[in-house]
Amino acid sequence: MAASADRAAESVWDYPRPPAVLLDDRPVRVECGGHTVAETRHAIRVLETSHPPTFYIPPQDVRTDLLFLTEGRTWCEWKGAARYWDVIVGDAVRSRAAWSYASPEPAYAAIRDYFAFYASRVDRCLVGGEEVQAQEGDFYGGWITEEVQGPFKGAPGTHGW
């Protein structure tokens with residue numbers, strides 16, 4: 000994919016390990032069941048080697064009345080324990096469509112209680128008006144936009160990268 004005229008191309012192989020945390024002032028929106036679930040110009044973008052960026056949205060810009068804490072946790076070697084949220088909008092129930100960190104590791108304190116969404120589990124996610132593509136696989140939640148270049152971890156056969 001080519002980068003847009005106003006944003007330079009980024010290779011995910013140039014992203015650091017441990018991941019970088021950057022503010023992003025582009026409009027970010029998450030839609031589900033005909034409603035806007037989240038909308039902000041104050042996202043935090045986490046960039047990790049081999050992954051498309053993950054966008055974390057501040058809780059004040061999320062319809063938290065549509066999110067319901069669900070069972071199960073995962074552990075990120077960098078950020079700590081993630082908890083998961085179902086997104087329920089009317090009859091649209093999207094299991095574990097969002098996640099957050101209540102007590103992230105100190106280097107990632109900026110994302111405390113922010114929400115990230117799986118683009119594959121909601122109807123639509125946009126960054127700067129561009130509809131994102133979901134990172135392949137059922138674990139990682141990166142968002143692929145035209146300026147982000149892979150190959151990306153997540154597809155079959157990439158687990159060991």
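Reading the sequence shown from the start, the letters are residues 0 to 160 in numbering that gives the first Met the number 0.
Virtual Cβ for every residue (Gly too), placed ideally from N, Cα, C.
Where do the ends of the beta strand (DSSP E) carrying I110 lie? It is not in any beta strand (DSSP E) - I110 carries neither H nor E in the DSSP assignment.
Take Y83 as the anchor and find which of P103, E104 and A115 has the nearest alpha-carbon. A115
By DSSP, does W77 sit in helix, in strand, or in coil? coil
Determine the burial state of G89: buried for a count of at least 16 other Cβ atoms within 10 Å of its Cβ, exposed for fewer. exposed
Cα-Cα separation between L125 and G140, rounded to whole angstroms: 14 Å
Could you give the DSSP three-state label for R28: helix, strand or coil? strand
Report the rounded CA-to-CA distance for A154 versus T63, giving the unit in angstroms. 31 Å
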